[in-house]
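What follows is one structure encoded as C-alpha cells, with my remarks underneath.
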Amino acid sequence: MVPHLPSRLPGLLVVLAVLCLFAGGASAGPWPREKGDLFLSFSHETASEAGSDAAGWTSLYAEYGLTPRWTVGLDLGSGGDTQIGMIFVQRAVGRQDGPGRLAFSSGVGLQTGAAPQAFGMMGAAWGRSLGTPLGPGWVAVEPQLRMGVALTDEWPPTLVLDVDGTLLTTASTKLDLTLGATLRPKLIVMGQLQMERVVEGETTARLTASAVRDVGRRGKLQLGVSAPVQGKGDAALKLGTWLEF
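No gaps in the numbering here: position 76 of the sequence shown is 76 in the UniProt record's numbering, and each next residue is one more.
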C-alpha cells in the first residue's frame, strides 16, 4: 500500500532516467507513522499531450499512526468511469532502529464504474536509507496482491456469477520500486517504477519522477511527470499537496 514511449518527450525521459538512477511517494512505505500523527495527500494527474482524450485521475490518501508499529489508512481515487476506495492497516515488524524497515499490510476495497469489484489486499514493504550522490536517500520495494469478486454495475451492486454458477473472481499483482533523495532540507526528488498485472488481463508499467518542496510548517507541494513504458497510456503531469499533523 505499475513498451511505448511518447515521441515528443525526450527531455522528460532524460529527467526520469536521472532521478531513477540517483535515488516516499504519498504512502509511507515501510516507515510507520508516529503514534498520533496524521498524513493527508490530495493529488490530480492529467495527460500532458494537448488534445488527449485520456481521463485524469484524482486521489485522496490518508494515514494515521495508531501505535509505534500500527498504521491505519484510507486510499480513494476517481477518474473517468472508475472509482476506487480502500481502507487498510499496516504493521511494522522487526527492529526499528536500523537503516532497514519491513512492514506488512492488508485491506479491503470497492471499485465501481469500469470493472466493478469488491476486493481484499495483502502487501509488504521493505525500505532502506542510503547515501546517494544527490544527498541522503532511500529505496523502497512494495509488492501487493489483490483478489476479489466481480460486481454488477448497478447500485446497489450484486455478485456476478460465472457460466458454471460460481462466483466470478478477479486478481491482480502490483510492484512499486521507489528511489528518493533529499537535495536540501526542504526539497526531495523521487523516481518510481509502478508495475501491475491483471490476471487474464494486461500488464502495465509506468515510470514517474517528482519533486516535493516544503510549503509552510506542515505542508508540501508535489510536482511530477510520468510516462508509460509498457501497456496503453499517455504521458501525464501530476500536482499534489501533502499535509502532516
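Note that CB positions come from ideal geometry on N, CA and C, so glycine has one too. Predicted model only: the values in this text are computed from it and were never measured.
- The beta carbons of P228 and R197 sit no closer together than 8 Å.
- In this structure, the straight-line span from the alpha carbon of L223 to that of L134 is close to 19 Å.
- T208 and T71 have their C-alpha atoms some 26 Å from each other.
- Distance check between L110 and each of G80, L38, G100, R146 places R146 closest, using alpha-carbon atoms only.
- Within a 10 Å sphere around the beta-carbon of T158 sit fewer than 16 other beta-carbons, which makes this residue exposed.
- Counting C-beta pairs closer than 8 Å gives three or more between the segment 116 to 132 and the segment 85 to 102, which meets the contact rule.
- Using a C-beta cut-off of 8 Å, the segment 210 to 226 makes contact with the segment 184 to 195, since at least three inter-stretch Cβ pairs fall below that distance.
- Nearest neighbour of M86 by Cα position, chosen from R69, K35, L66, L60, turns out to be L60.
- When rounded, the separation of the alpha-carbon atoms in K174 and R95 is 26 Å.
- Our two residues, D81 and D97, have alpha carbons roughly 44 Å apart in a direct line.
- Linking V89 to T46 through their CA atoms gives a straight-line distance of about 29 Å.
- No residue range can be given for R218, since it is assigned to no beta strand (DSSP E) and is classified by DSSP as neither H nor E.
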